[in-house]
Structures are given as structure tokens and as C-alpha cells.
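Chains as they are written, first to last, in our numbering: chain A, 1 to 352; chain B, 1001 to 1352.
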DNA sequence: TTGTAAGCGTTATCAG
DNA sequence: CTGATAACGCTTACAA
């Protein structure tokens, strides 16, 4: 038996191939200056010994882990799952792996995750912290001395950022509805104070404002969180004396609850009520009529953030932080129609 | 200025604290034998220098990366997203990070991912390959010389496995339906030849068999894949002369399509048709009536696999592979009812 | 309890 | 084009 218990190292390969350490390393790293003869011998020795590269040693010496860190609040949210998948795919093409961490909106974990990214010497990280306004998280981000891209968060940090232009498409949706005669347009939102929600509300108000109208607070239905059941709150909304004739709503499970609540009230889309969803979840794809939506081109968003990150990796921490805005898309579908002719009422029966 | 350009190392900390390398290491690793005085000085020096542990060096020397690898087909599938989240949470408690990789059912990637797990010296891996029957994937798994747990796949490998007992709860569901008078029970499945699907079909057939009935091939509706739109195929099914009175179906987006198709046909659940879903996706939670489901306790499944993995990490590769079966749960809800009194027909109108 | 020194498996920098 | 050798930053005996 040649080797000891442990895995064979580059050294064993060198000995077996009758070449030096350096040559083996050159073959592994596909560096030009190596004769076909040596390459062949090395490759053969590696195969014979079932040699496996030691990534830790490589990282230690080369100061690059070939790993990108992603910190999202929750992969269980399809948006982040999709983003992660695209990131992974694109980075894999270049030999990078992507390390994902869910912060679950916990600021302490976010700080800890950042610290692990730091000690694991990520070549770059892409983060969307749940706590934009938490000073300690902000400080932790600021302190990172590796390339960082912040994804769709309003953080006052000197880091590169990719931002989704939520307000724009929401406003578009609003104009469409208003111009079809809608005035009582409700918006089912979550109470989270993070950028996506805040910017959408901005767009909602901007839509009204652009037509000389004012947003009414009672039409903004706030859920405790975006994963909370929305059925009851929406049902209450639909049962009001003057129920809304149109509804903007969060996507994912909130949209499901909204659709079920509408159905349960015996209302028809778009005859009785128009609906626009933030994001278009898979489950809604076969819904008839199709649900109008406000979305982002995720591939584009990913590409922009990768470009930013790669540039930063190349050019170092110097230079002003860059900011890229990704447009949002209002997709008009059958779920939006003209306002009902008659002002809708709760029920013909008067309160007893 | 004390240090050079690079990050401060344990050495810098030692110098600054006026102690030796070893002492600093002991403090970092929370080893007992260290006086309060030394500990204090070290901690202070670390803070002052803004010291960051180098994980690569730690891994190289200690031969443990404190990282667990997870290979799933696709985090975009809520099942895997949920599993990953639970794994991450449980492992984090012990200072481990979890490295996730999506194989997207591509055998070559699966092999490459396994190889990266190997070179990155994962302390253990949990995998659910998309290609149970691919010989090269099987060989790659077999060759792994680190602790492996295979999750819900029928692979003939000498590795620990956690298996979901799909057939059991599906059979339960079938018995319930049959005993309520149903005979024409369809099953919307995907054409993938992996364990979950195969075992469920087993349970489907076992249900019929237990009541002296035989499964009919024409009631098994095969989708190209579980992410493919199912609306048209299900609509076709529902429009048959003798349409099924009950329907088992994949969850996630397939269930959405099924519900929409049922609705589009003007059928009511459970009056006209009973429905049972494999898994209960979030979007269906507010559906009325609630959808009966066949599920697995994911927390339990995760715990079992972690137990297996930890045991293996402790005891080494020796010893026979273990196998744990996790029960499935049939949850009866309002979507299941007695078979309609009259044999259903497509429509009263005869073919013209 | 603390200090010393020998690696862990690579890559990088030199000579040759 | 190839070989020797010094790091990289840490853990871990072992010695004091």
C-alpha cells in the first residue's frame, strides 16, 4: 500500500506521476505551461489514486473560496427560491457554488450569517436582509470587507445595490383601473416595513394622485405578515357597505386567500371585482380569467446583480457604490375589467 | 500601524494580547483550560483588531468543515424548500451551515455536485437525487467516503436512508373513498420514475386490491412532469363519458390546475367529485371545502435523517447501513364525500 | 494553565 | 516548461 489512511494529496499524485508538486497543481488549474506528456501522467496518477482536491487548502492558499453567499429571509418564499436557483445556475457555469442562508427576519441571525460569510471568505455575497432599518444589521453590512450586493432593500450603506422599481408598475395598474372607472381600489398588503411593500404603496398612492384622487386609509388592508392567512380580513373587506370594485394584493398564499374569499362571497372576476396580484404565483397560472400581475424579470435582476458583483470583485472595494434599477412589469389580463355599472352593495337586505 | 494589508490572523491577536498562538486558539474554541485573565486579554485583542476567523485554515487543519451538503432536485419545489429550511435551522443550532445544491434532475450535475461535496469535505450530506436508476449517479453515491443519508429514494446503495411510507396513507385514502362508494377513482401523477410517485401508485393499487377491485390503466393520468400544466389533461379526464367520481392528485401547481379544471367544468367538491391531494400546498389552505391530503411530518423526517447522519458521523463508515421509515398521514377533510347517487354523465346533451 | 512547533494540502514565487 | 520551497492561518500534540 502506498499511501496512509487519509485521502491522497497532490503530493502523492506527484510522486506517483514522477513529477513535482507544482506540475500537478498546474494541471489541476489548467494552466498553459505544461507539456502533454506531463499532463497525461498526472491525470493518470490522479485517476489511479482516486485523488480528490482539497478545497480548504485551495481556499487558504489562494484566498478565494469560489463560493458566493446568499442571505435571504426565507427560501420557502417562492420569489427567493426562484432567485436562488437562477443565481446557482449562473454561478455554477463559472465554477462557483452558492451558499444559501435564511435569516427568517431575525436580526441577530442576520448578523451571525454575515459573520459566517466573512469567516468563510465568500468571494462575494448577495443579500436581502429582512431588517432594513435595524442599525446593528446595517453596521454589520457596512463592515463587510468583501464584495456585497444588496438586493431590493433601502439600506443606507455604501454597497452596490439592485433595486426593483415597484412603484412604477403598480402605478400603471392603478391608472388602468382608474381609467376603467374604478375608484374604490383596495390594496392588501403586509405590515412589513421593507422596501418592496413600501414602494408598492407609494405606487398605489401615486396612481390615485395622478388622477387627482386621494388614497383612503381604510382601503389599505394590512396583514400581520405575508404568510398570515388573509381570508378573514379580505372577507370583511368584501362585506363592507361600499365594497371595493378592484383589489390589488400580495401574491403567493395571500392571493390564494383573496381568490377564495371572493369566490366565497359569490363575486365574479372581473364582473364584480377586478384583481391585480403582486407577482404571479404558479398556482394561479391556470386560473380563469388570468390574474393581472405586477412582476419583475428575475433573470434580469439576477444578471444585473451578478454584473455588479463581478465588477466589484474585479475592481476591489474602491470606487463609489453603484445602483441599478430593474423595471417592473404590469401584465394586464382578464382579471381586470370596467367598474360595475351599479354601485355595488353588500346585500339587498338591510341591516335588521 | 501594526499589521500588514491582509486580515489579522490568530498570530496578530496573540502578539497583541501578549500570549501564545495556542492560547488564542483555545479561547476561540472555548476549551476549558484557560485562565480568565488570558481569555479577557485575548477577547479584547480580537475586538480591537476586528479579528475574523479563517474558516479555510480551520477546516484544513481540523479536517472538519462544519458544513452539511444538501442535494435536492429543485428548491423551487416547496417540499424541498421546507425541508431545507428545517435542516438549516436544526444544523445551525450546532454551528453547522448547510450548503444547498439543486441538481435539476440532471445526472451529470448530480455527479459534479457530489464531487464538490467531496472536495469541500462536507461533514455529511443529505441527498435526494433525481435519478434513482442512473448507474453513474449510483456509483458516485457509493463512492462517497463521507457520511451520507439518502432521502426518500430507492437506491441500492450501502448508505443510510430515510424513506417515506407513501403507499400506506394513499391506501388509506383509497379505502375511505371506496367505502364511500367510489369506484371510478382517478390518479393524476407525473411520469417520473422516482420513489415517491412509484410508491404512491403502489398504494393506489393496493387500495383497490384490498377491496377486491382492480386499478384501471385509463384512470392513471400521467403528466410529463410535476411542473407541467395539468389543466388540459384533467379537463379531458373530467369530460369523459364516465367521469371519475374521485380524484387523487399531485399537490403544488398540479392541484391548482385540478381545482381550476373542476371549477371550469362546473363540478362541485365533494358533491360531484371527491379530491385528495399529495401534500397540502399553502395556497389550498383557505380552499372550501378543505382538501384532504396525504402528507409527511417534515420535522420528523428531518429529525430522523439528522439522527442517522450524526450517528454515522460519530461511528464512522463501518457498520451496516440503517434504514428508517417515516409514516405518511392521510388527513380527511371536506373534499371527500360519498359517491354521487346517480352515475354521472358528461352532459345531458347527446353527441350531435 | 500556557508556550512551542509541526503540520494540514494547496498555490505562488522563484530558480533552473 | 519544470522543480524546489516558502507561505496561507489554523489545530494539536507535547513540553514546560
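Quick reminder that beta carbons are idealized off the backbone N, C-alpha and C, glycines included.
- Ranked by Cα distance from residue 279 of chain A, the options A:335, A:23, A:249 and A:91 are led by A:249.
- Restricting attention to beta strand (DSSP E) runs no shorter than 3 residues, the segment 222-308 of chain A encloses them at 246-250, 274-278 and 292-296, ordered along the chain.
- Of all residues in the segment 232-258 of chain A, only 253, 256 and 257 come within less than 7 Å of chain B when Cβ atoms are compared, listed by chain position.
- About 19 Å separates the beta carbon of residue 219 of chain A from that of residue 169 of chain A, a gap too long to meet the 8 Å contact definition.
- Taking a contact to require three or more Cβ pairs closer than 8 Å, the segment 236-254 of chain A and the segment 1258-1272 of chain B do not qualify as touching.
- Considering only beta carbons, the part of the segment 261-289 of chain A lying closer than 8 Å to chain B consists of 261, 264, 281, 282, 283, 284, 285, 286, 287 and 288, in chain order.
- For the segment 1042-1074 of chain B, the residues whose beta carbon sits under 9 Å from a beta carbon of chain A are, in order, 1050, 1052, 1053, 1054, 1055, 1056, 1057, 1058, 1059, 1060, 1061, 1063, 1065, 1067 and 1074.
- Interface annotation for the segment 111-136 of chain A against chain B: 112, 113, 115, 116, 118, 119, 120 and 121, criterion Cβ-Cβ distance under 9 Å.
- Scanning B:1232, B:1121 and B:1164 for the CA closest to the CA of residue 1197 of chain B turns up B:1164.
- Ranked by Cα distance from residue 49 of chain A, the first of A:7, A:33, A:119 and A:60 is A:7.
- For residue 1076 of chain B, the chain A residues whose Cβ falls inside 8 Å of its Cβ are 78, 81, 82 and 85, in order along the chain.
- Neighbours of residue 97 of chain A in chain B, taken as residues at a C-beta separation under 8 Å, are given in chain order as 1099, 1101, 1116 and 1120.
- With 16 or more other Cβ atoms inside 10 Å of its own Cβ, residue 1221 of chain B counts as buried.
- With contacts defined as CB atoms closer than 7 Å, residue 201 of chain A and residue 124 of chain A fail to qualify as a contacting pair.
- Look at residue 315 of chain A: its C-beta is not under 7 Å from any C-beta on chain B.
- Listed along chain B, no residue sits closer than 7 Å to residue 340 of chain A by beta-carbon distance, the nearest being about 22 Å off.
- A distance below 8 Å between beta-carbons, with the five flanking residues on each side excluded, links residue 63 of chain A to the following residues of its chain, in chain order: 121.
- Two segments are said to touch when three or more pairs of C-beta atoms, one from each, lie closer than 8 Å; by this definition the segment 1094-1102 of chain B touches the segment 1065-1085 of chain B.
- Looking at the backbone, the Cα of residue 1283 of chain B and that of residue 251 of chain A are separated by about 10 Å.
- Counting along the chain, residue 1207 of chain B sits inside the alpha helix (DSSP H) bounded by residues 1195-1210.
- Annotation: residue 108 of chain A to residue 1256 of chain B spans about 37 Å, alpha carbon to alpha carbon.
- Taking the C-beta atoms as reference points, residue 1289 of chain B is found no nearer than 7 Å to residue 1331 of chain B.
- Around the beta carbon of residue 143 of chain A, fewer than 16 other beta carbons sit within 10 angstroms, so the residue counts as exposed.
- Taking a beta-carbon distance threshold of 7 Å, residue 1088 of chain B counts as an interface residue toward chain A.
- For residue 102 of chain A, the enclosing beta strand (DSSP E) has its first and last residue at 97-102.
- The shortest C-alpha to C-alpha distance from residue 1230 of chain B to any of B:1254, B:1212, B:1240 and B:1210 is the one to B:1254.
- For residue 1316 of chain B, no beta strand (DSSP E) run applies, since DSSP gives it neither H nor E.
- A straight line joining the alpha-carbon of residue 1304 of chain B with that of residue 1016 of chain B spans about 46 Å.
- Here residue 1300 of chain B is exposed, its C-beta having fewer than 16 other C-beta atoms within 10 Å.
- It is roughly 15 Å from the alpha-carbon of residue 1312 of chain B to the alpha-carbon of residue 1091 of chain B.
- Between residue 233 of chain A and residue 178 of chain A, the beta carbon gap of about 24 Å keeps them out of contact (Cβ cut-off 8 Å).
- DSSP places residue 331 of chain A in the strand class (E or B) of the three-state scheme.
- Of the residues B:1070, B:1153, B:1149 and B:1085, the one whose Cα lies closest to the Cα of residue 1117 of chain B is B:1070.
- Sequence-distant partners of residue 1193 of chain B (beyond 5 residues in either direction) whose C-beta falls short of 8 Å from its own C-beta, in its chain, are 1132 and 1133.
- When C-beta distances to chain A are compared with 9 Å, every residue of the segment 1008-1042 of chain B stays at or above that value.
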